[in-house]
Amino acid sequence: MEFAELIKTPRADNVVLHRPFHPAVEGTLCLTGHHLIFSSRRRDNAEELWLLHSNIDSIEKRFVGSLGTIVIKCKDLRIIQLDIPGMEECLNIASSIEALSTLDSVTLMYPFFYRPMFEVLEDGWSSFLLEQEFEHLSSVTNEWRLSCVNKDFSVCPSYPPVVIVPKSIDDEALRKVALFRYGGRFPVLSYYHKKNGMAMLRSSQPLTGTNGRRCKEDEKLINATLRSGRRGFVIDTRPLNVAQQARAKGGGFEQEVHYPQWRRIHKYIERFHILQESFIKLVEACNDQSHNMDRWLSKLEASNWLTHIKELLTAACLAAQCIDREGASVLVHGSEGTDSTLQVTSLAQIILDPRCRTIRGFEALVVREWLQAGHPFQQRCAQSAYSNSKQKWEAPVFLLFLECVWQIHRQFPCSFEFNEHFLILLFEHAYASQFGTFLGNNESERAKLKLPQKTMSLWSWVNRPEELSRFQNPIYEANSLVIWPSVAPQSLQLWEGIFLRWNRPSRFLEEAEEERINIIKYNKELQAKVNVLRRQLAEMEADGEVQEGEEP
Amino acid sequence: MEHISTPKVENVKLLDRYASRRAASGTLYLTATHLIYVDTSAEVRKETWILHHHISSVEKLPLTTAGYPLLIHCKNFHVAHFVIGQERDCHDVFTSLLKLSQPVKPEELYAFSYNPKMSKESREMGWKLIDLKLDYQRMGIPNDCWEITDINKDYEVCSTYPPEIVVPRAATRAVVMGSSRFRSRGRIPVLSYLYKENNAALCRCSQPLAGFSARCLEDEQMLQAIREANPGCPFMYVVDTRPKLNAMANRAAGKGYENEDNYENIRFKFIGIENIHVMRSSLQKLLEVCEMKSPSMSDFLTGLENSGWLRHIKAVMDAGVFLAKAVREERASVLVHCSDGWDRTAQVCSLASLLLDPFYRTFKGFMVLIEKEWIAMGHKFSHRCGHLDGDPKEVSPVFTQFVECVWQLMQQFPCSFEFSERFLLEIHDHVYSCQFGNFLGTCHRDREELSGSAKKGKEGDISFSNNSC
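The following block contains the structure:
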């Protein structure tokens, strides 16, 4: 496949670029296989814009006389406009961009062609292996084991090759349990709460069907996480009636008669199709130019986005409460166990585990609970809020999780090692990236595509000290607390950093951030000075005493 | 103290809105100035102080298993929910609070009894800290075009203006007096802020008594004098901050707005900010939304929209921005008024000044701004804040809205203000607390009379600026 075949016009001159917060600039537009590049005429061809085709959600063409305009709407919610002289040129460029931004095959994506310009100190592909996580776990408890039953992805195609399960359950049992869970997603350990030894498991729905099938191995597996005489909670992210109706299609829920020690709670989290609609409506509300307060509030309300935030935070708090306050083990699942399930388990860990609030801890959480756990990134992030083609599997499931993390971050500003920009970075790279981290839908696909060998990992780049410094939270104070966010509507705000990023200038807010960092740095310097002076004073006092003693 | 029948009640619970299971238990005290609740159930002794002046309403709620509930709403939005064991005690506290929270005579206000350990010199210094003449000097006044005149020293021109006002030099005594007869309550056009860089002026007044066809030569000359004091621009704006419909309705009552045909080179504009009754109702609805028990996101956002509160905030801010842009970018002078020129006019003029001049974003500057545009220019704090038992229809959160607009600006420009949100909250608290003399009464003349009649007089009046610096 030659990219050149798709590019009708690789270059156009006298193009005017309009982007947010910059004045319009004239220059040259170039199309390569992976990028749209704009260099301005003045300032010796400075490159004003490098846009990945994979970041393009949709384009619109407009013509006024012989001047063509292409409006490019990006997955990161940016909107840029190109004025191209000449109708034919404009049409060629538009169709080239269309073709280049709608490539089907993953192997044509930029990560396979990207050559890093930096020295790779750490290979991000092997930074967060489950084996390392397990080593850490086995230092506090020996109730679990690492199973390789899925090493060729034959037991569960969407799971990683290695999973953590209760020690008492052998691989044979796991195979049976996999047949009892939708998509083979049998219950595995998601999180172990050191404080009280409680566990959070996740899975997909049990295939009880209309006959009330049961699987003793499945029951044994989750019962193995219960303390003697104690109950567990199953948090089902579907409403009760949906869970009941699922039986007609072969699915279902854990029946009390077979799982007497488990109490089921239904905490409804929206299906991903609904999320996509919400996302589109919210972005549309943010772009509304009428600047009318009533319209804004009613559009914001009608999008329901903040409602989803509230629901997800509430579900995560519920799971965390069961573990930390009730001292009970928890099993979380929805239907497929690849969307709402992962949102709840990862968010609950943010609440419960201070390690997840460090930069590396958060990266490990994303790798473990989203990438390895098989969230179908490729499908979900194929299109963003500006797509105008028919929606199939796209949904901002990961974005909703990131935003919930941001909401908690806002309420507990000293408890996170990273800042808001880190979360925004992850959002961007999930949709379009030069790195291979978010390609593919699960570990099986990533292995087949040989991503670790053929592409660079995002973590290799972002964990370099010069990059990491941009993402650190200056007021971070490590603590060992469980942090409980408020889910009252008044406490939840719109994430301006994502949704209004291109609508309002951030100069003054960035100034304030800089100021904050300077104040903290200055404070540290003064503190160090105080310590030096104190030491000197102590030494002088000691000397003084010695001299006094020596006096005749 | 005669209002207090029961100064102390034990075994009173204070309910926490969010953790209803963890009610504090303690003792309630009533003093002459405060309600004090001492929590004896917590490990560390905790006190909650509520100033009587801050109380806007006291309600007895239906009897519960825990006892007799008393719900107190404060003007600074604090809500306290007590549960008292005995009905007799609850009723006593209730009636006492009703009387204590609604003083009838100005002398009953806290300012006249508040007596911190401060020397006479310090007290007097507090009052002198803010000298408005210095602010005019900063603007370059007096200069060729503008002068500070004491024509109002006996309140002949306007009973609600301060004795010294800034008018164009070209305005003769006859013009001033004539204009005062043509303006509601004699509130003639005067200078609020002069933008030195281009001589554009922000002026304020009240509505003209134009009716459908009345004219006043002197008032027209007054506006001409203002316009000509700014040679850099051939026209000036006249901005009516009321909705057009309301302004038109006023014409039927013999008042109204300026006719572009009668005034040379003015561009007239309506910026519809609603009146004090709409704002009072809006705040009430907003507080109800905030007090909803476990609302859904939808309930909250819909309630917020229906209250209209943010819409009104935006309207005030839009107006402030319009005035600032007219002065700075179009180099045009602007004359602003509403009906009486002491509510919406004060809001938009002070907001525009904040946008234009960084001085007003310092501690000192902000205090000067409030002294100038609100206190000196006769915003009826006493009525708007319900200091005394009076007409509830006069109460309205005009100053609260202004403070919120400042806060909104601080959110967008975090490095541009010398003070923090806490300063705004302190000021807001004290506008209602009547602890200091600054916000008492309705205008300069009223405060002079209060100082004279009250026995403690100026000695008893502590200025807020003294305390906060």
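Those protein sequence lines, which keep their order, are chains A and B.
Following the UniProt record's numbering, the numbering of the first sequence begins with 1 at its first residue and continues without gaps.
Following the UniProt record's numbering, the numbering of the second sequence begins with 1 at its first residue and continues without gaps.
No residue lacks a Cβ here, since even glycine has one placed at the ideal position from N, Cα and C.
Taking C-alpha atoms, which residue in the options lies nearest to residue i?
i, options, result
"I313(B)", "N275(B), V289(B), R123(B) and C290(B)", "N275(B)"
"L312(A)", "L49(A), F398(A) and F377(A)", "F398(A)"
"Q244(A)", "S168(A), H266(A), V155(A) and S228(A)", "H266(A)"
"P111(A)", "N55(A), A12(A) and V283(A)", "N55(A)"
"R183(B)", "A376(B), R251(B) and P168(B)", "R251(B)"
"S460(A)", "T307(A), F118(A) and S168(A)", "F118(A)"
"C74(A)", "T28(A), F427(A) and L533(A)", "F427(A)"
"T188(A)", "K216(A), A224(A) and H53(A)", "The identity of residue 188(A) in the sequence shown is Val, whereas the question assumes Thr. Ranking the options by Cα distance to V188(A), first place goes to A224(A)."
"K393(B)", "S307(B), V278(B) and F112(B)", "V278(B)"
"residue 624(A)", "R181(A), S138(A) and S168(A)", "The shown model of chain A, from 1 to 552, leaves out residue 624(A), and the question about it has no answer."
"G178(B)", "E218(B), G365(B), Y136(B) and F322(B)", "E218(B)"
"R238(A)", "S204(A), L451(A), Q472(A) and R19(A)", "S204(A)"
Does residue i come out as helix, strand or coil in the three-state DSSP assignment?
i, result
"D16(B)", "coil"
"V166(B)", "strand"
"Y193(B)", "strand"
"P489(A)", "helix"
"N14(A)", "strand"
"F58(B)", "Before going on, a small fix: residue 58(B) reads as Val here, not Phe. V58(B): strand per DSSP, three-state reduction."
"L449(A)", "coil"
"R138(B)", "helix"
"T400(B)", "helix"
"C90(A)", "helix"
May I have the straight-line CA-CA distance separating residue i from residue j, to the nearest angstrom?
i, j, result
"L209(B)", "T160(B)", "17 Å"
"L458(A)", "E466(A)", "14 Å"
"A94(A)", "F3(A)", "15 Å"
"S298(B)", "E305(B)", "10 Å"
"F233(A)", "L221(A)", "14 Å"
"Y155(B)", "G386(B)", "25 Å"
"T210(A)", "A248(A)", "6 Å"
"F279(A)", "T338(A)", "19 Å"
"A332(B)", "L191(B)", "14 Å"
"F186(A)", "R271(A)", "21 Å"
"E288(B)", "M367(B)", "32 Å"
Start and end of the alpha helix (DSSP H) containing residue i?
i, result
"G178(B)", "R173 to F182"
"C268(B)", "The question names Cys, but residue 268(B) is Phe in the sequence shown. It is not in any alpha helix (DSSP H) - F268(B) instead sits in the beta strand (DSSP E) that spans I266 to F270."
"W296(A)", "M293 to S303"
"G497(A)", "E496 to F499"
"residue 474(B)", "Because chain B here runs from 1 to 469, residue 474(B) falls outside it and cannot be looked at."
"T345(B)", "R344 to L356"
"M367(B)", "F363 to I370"
"P133(A)", "For the sequence presented, residue 133(A) should be read as Glu rather than Pro. First-last of the alpha helix (DSSP H) with E133(A): L130 to S138."
For residue i, collect the residues of the same chain with a Cβ closer than 6 Å to its Cβ; drop the 5 residues on either side in sequence, then sort them by chain order.
i, result
"F417(B)", "R361 and M410"
"H428(B)", "V403"
"L283(B)", "P397"
"Y191(A)", "M200 and Q349"
"I517(A)", "P474"
"R215(B)", "N262"
"P157(A)", "S444"
Here's a check: name, in chain order, each residue in its chain whose Cβ is nearer than 8 Å to the Cβ of residue i, leaving out the five neighbours to either side.
i, result
"S309(A)", "Reading off the sequence shown, one finds Ile at residue 309(A), where the question assumed Ser. If we look at I309(A) and ignore the five residues flanking it on each side, its Cβ neighbours are L400, E403, C404, Q407 and L492."
"F94(B)", "V58, K60 and L70"
Can you tell me where the beta strand (DSSP E) holding residue i begins and where it ends?
i, result
"Q81(A)", "I79 to P85"
"K46(B)", "K46 to L51"
"S329(A)", "S329 to H333"
Using a Cβ-Cβ cut-off of 7 Å (strictly less than) and excluding sequence neighbours within five positions of residue i, which residues of its own chain qualify?
i, result
"A447(A)", "none"
"E228(B)", "A170"
"P234(B)", "N265"
"E363(A)", "F128 and W459"
"V104(B)", "L388 and D389"
"H258(A)", "R214 and E219"
"S39(A)", "G27, T28, N45, A46, E47 and E48"
"G212(A)", "Q255"
Please compile the residues from chain E whose C-beta is within a distance smaller than 7 Å of the C-beta of residue i.
i, result
"Q347(B)", "The chain labelled as chain E is not found among the protein chains of the depicted structure, namely A and B."
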